[in-house]
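Enquirer:
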Amino acid sequence: MADLSTRYPRIVIEFCTACKWNLRAAYFAQELLQTFSTDLGEVSLQPGTGGIFKVHLYDEEPGPTEEDEATIEEYLLWDRKAEGGFPETKELKRRVRDIIDPNRNLGHVDGKKSIPSAPPQNPTPQNASSSTKPQNYMGNPPIPRALNRLQHLSVEESHPSAERKFTPMDVDVNSRPTSSKGDAGEGEVLNSRGKIVITGDSEGGGYCMPGDDCG
Numbered sequence: 001m002a003d004l005s006t007r008y009p010r011i012v013i014e015f016c017t018a019c020k021w022n023l024r025a026a027y028f029a030q031e032l033l034q035t036f037s038t039d040l041g042e043v044s045l046q047p048g049t050g051g052i053f054k055v056h057l058y059d060e061e062p063g064p065t066e067e068d069e070a071t072i073e074e075y076l077l078w079d080r081k082a083e084g085g086f087p088e089t090k091e092l093k094r095r096v097r098d099i100i101d102p103n104r105n106l107g108h109v110d111g112k113k114s115i116p117s118a119p120p121q122n123p124t125p126q127n128a129s130s131s132t133k134p135q136n137y138m139g140n141p142p143i144p145r146a147l148n149r150l151q152h153l154s155v156e157e158s159h160p161s162a163e164r165k166f167t168p169m170d171v172d173v174n175s176r177p178t179s180s181k182g183d184a185g186e187g188e189v190l191n192s193r194g195k196i197v198i199t200g201d202s203e204g205g206g207y208c209m210p211g212d213d214c215g
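If you want it as C-alpha cells, here you go:
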C-alpha cells in the first residue's frame with residue numbers, strides 16, 4: 001500500500017482562477033521544483049478567487065524528545081496584495097532557501113560570482129645594462145700625441161687662420177714611444193719641411209720616415 005502521508009517541507013501556491021493565473025502559478029511551481037528537487041516534499045496548486053495569490057510553506061519541526069510529536073510550522077512566503085505584485089523567481093527561491101536550508105548556495109540567484117584569483121605577479125627582470133669599459137691608456141699613444149702637437153704648433157705659428165690636417169705619414173712611426181708621463185710636447189721637433197721628428201735619449205737628432213729628406 002502506497003504511503004499517502006504528507007511530506008515536508010510542503011509548498012502551497014494559492015491563486016485566483018478567475019484572474020487566469022493558472023499558468024503563472026504553474027510556472028512558479030516548476031521553478032521551485034527545478035531548483036530544490038527532492039529537498040521539497042511537495043509543491044501543490046490550490047485554486048481560489050478574489051484576486052488571491054499567496055505562497056505558503058509548511059515545515060515539520062521535530063519535538064524536543066523522540067516521544068514528543070512534531071509540530072507543523074506555517075510560513076507565508078508571498079502575498080500579492082501585501083507585496084504589491086507578483087514575486088520575482090529568484091526572490092521566491094531565496095525565501096524558500098532561507099527556511100529549509102539557510103546554508104545553501106543558489107549560485108546566480110544569490111548574485112555571487114566566483115572571483116578569479118589574480119595570477120601571481122612575477123617581478124619583471126631588469127636587464128643589467130652592459131657597460132663597456134673603455135681601454136685605459138696611460139697617456140696618449142705616440143703617433144696621436146705627435147699629430148696633436150704638430151697640429152697645435154701649425155695653427156699657432158704658421159697658419160693661424162687655416163688648419164692643415166696631418167696624417168701618420170708626417171711622423172716617424174719607428175721612433176721610440178714617449179712616456180705617458182710628463183709634458184705632451186717633450187721630445188717633439190719640427191724640421192724645415194714641416195716633418196715632426198721624435199727625438200730619443202740616444203745621441204742624434206732623431207729621424208724621419210725612410211726616404212724623406214728631413215733637411
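Residue numbers are given in full-length UniProt numbering: position 37 of the sequence shown equals residue 37, and the series is strictly consecutive.
Ideal Cβ placement from N, Cα and C applies to all residues, glycine included.
Given a threshold of 16 other Cβ atoms within 10 Å of its Cβ, counted over all protein chains shown, does K93 qualify as buried or as exposed?
Expert: So K93 counts as buried.
Enquirer: Just the Cα atoms here: how many angstroms apart are T35 and R95?
Expert: About 13 angstroms.
Enquirer: Give a yes or no on whether the C-beta atoms belonging to L77 and V55 are separated by under 7 angstroms.
Expert: It is a contact, given that the beta carbons lie within the stated cut-off.
Enquirer: Rounding to the nearest angstrom, what Cα-Cα distance links residue 287 and C16 in this structure?
Expert: Here the chain comprises residues numbered 1 to 215, so residue 287 is not present and cannot be evaluated.
Enquirer: Could you please give the first and the last residue of the uninterrupted beta strand (DSSP E) stretch that includes D98?
Expert: Note, D98: premise wrong, no beta strand (DSSP E); alpha helix (DSSP H) at 89-100.
Enquirer: From residue 279 to G48, what does the alpha carbon distance come to, in whole angstroms?
Expert: Residue 279 lies beyond the stretch modelled for the chain, which goes from 1 to 215, so this question has no answer here.
Enquirer: From A18 to F86, what distance separates their C-alpha atoms?
Expert: Taking the straight line joining both Cα atoms gives about 16 angstroms.
Enquirer: Rounded to the nearest angstrom, what separates G107 and P64 at their Cα positions?
Expert: Whole-angstrom Cα-Cα distance: 34 angstroms.
Enquirer: Which same chain residues, not among the five before or five after E69, have their C-beta less than 7 angstroms away from its C-beta?
Expert: Around E69: G63.
Enquirer: Nearest CA to the CA of A82: which residue from I100, L4, F53, E67?
Expert: The shortest Cα separation from A82 among I100, L4, F53, E67 belongs to F53.
Enquirer: Using DSSP with H/G/I as helix, E/B as strand and the rest coil, what is T65?
Expert: Note: T65 maps to coil in three-state DSSP.
Enquirer: Compare the C-alpha of R7 against each of I72, P102, N103 and name the closest.
Expert: Ranking the options by Cα distance to R7, first place goes to I72.
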